[in-house]
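Numbering (this note's numbering), first residue to last: 288 to 518.
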Ligand SMILES: Nc1ncnc2c1ncn2[C@@H]1O[C@H](COP(=O)(O)OP(=O)(O)OP(=O)(O)O)[C@@H](O)[C@H]1O
Ligand SMILES: [Mg+2]
């Protein structure tokens with residue numbers, strides 16, 4: 288406990304990159320973390336095959352629609368942080384994961400096309416909430432939009448406008464963004480955490496680390512708020 292699931296029906300929204308970085312940063316702080324790779328393309332299994340994952344970050348491969356609920360329950364009993372990376376789909380596996388979730392991150396690039404897809408993810412979360420509320424009236428499944436791949440240099444009008452729109456609709460958002468940084472891409476190329484990338488080959492590693500730490504810190508704050516509200 289708690290289980291955080293990344294959901295977006297849109298491929299390439301930044302789910303895997305964001306969840307891997309959060310998992311690695313939590314592990315760097317000494318936490319035991321399970322990161323479930325529920326994408327048939329196995330991006331996290333591939334990353335782990337490089338042999339540079341910290342011991343306290345357990346990547347659980349081969350998670351599918353049939354076994355995801357059991358795998359999440361097993362992981363939640365074993366470690367304090369469970370993260371789930373789903374493929375870009377709205378298929379049944381997402382519903383099965385949401386049934387086990389305590390918190391949902393909806394990664395979204397800063398464009399209106401992506402916002403439409405994020406809206407579908409929000410609908411999946413609220414449908415899940417409504418289904419459970421039939422039996423547990425106070426049940427809530429909190430979520431937050433996480434902007435990804437946003438300009439590292441400045442806030443674009445698109446992103447600023449989207450933030451305003453979402454705020455008006457009272458849709459929760461991470462203040463911190465996963466900025467567009469080459470270092471995040473390079474992690475998969477070299478199969479290494481940011482901290483182990485060769486800075487003579489990859490630019491901007493230090494700023495990417497600060498970015499990943501900030502997103503993780505905000506997640507921890509959000510999880511704490513949720514836990515306090517639930518108790
Ligand atoms: N913050 C970022 N900075 C730079 N590149 C990024 C960032 N986030 C994602 N990317 C790149 O965008 C592409 C898609 O990212 P990612 O695989 O994390 O998305 P996804 O939502 O998991 O996609 P899928 O739905 O296909 O699983 C990848 O090439 C990745 O390297
Ligand atoms: Mg992915």
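Idealized CB from N, CA, C, for every residue including glycine.
Per-residue DSSP class, three states only, for residue i
i	result
residue 479	coil
residue 407	helix
residue 395	strand
residue 347	strand
residue 474	helix
residue 489	coil
residue 438	coil
residue 466	strand
residue 581	Beyond the ends of the chain as shown, which are 288 and 518, falls residue 581; an answer cannot be given.
residue 432	strand
residue 419	helix
residue 400	helix
residue 318	coil
residue 449	helix
residue 324	strand
residue 306	helix
residue 294	coil
CB contact flag (residue i, residue j, <8 Å)
i	j	result
residue 465	residue 305	yes
residue 381	residue 345	no
residue 434	residue 395	yes
residue 470	residue 492	yes
residue 293	residue 385	no
residue 387	residue 359	yes
residue 414	residue 289	no
residue 325	residue 371	yes
residue 502	residue 461	yes
residue 362	residue 311	no
residue 445	residue 398	yes
residue 483	residue 339	yes
Checklist entry - Should the stretch 348–359 be called in touch with the stretch 390–409, which here means at least 3 C-beta pairs below 8 Å? => result no
Checklist entry - Hey, which residues come within less than 7 Å of ligand 2, measuring from Cβ to any heavy atom, in chain order? => result 302, 303, 326, 330, 372, 374 and 375
Checklist entry - Just checking, does the stretch 440–455 make contact with the stretch 413–431 on the three C-beta pairs under 8 Å criterion? => result no
Checklist entry - If you pair each beta-carbon of the stretch 306–321 with each one of the stretch 508–517, do three or more pairs fall below 8 Å? => result no
Item to check | Three-pair Cβ contact test at 8 Å for the stretch 431–446 versus the stretch 465–476 | outcome: yes
Checklist entry - Unbroken beta strand (DSSP E) runs of length 3 or more, entirely within the stretch 360–396: which are they? => result 368–373 and 390–396
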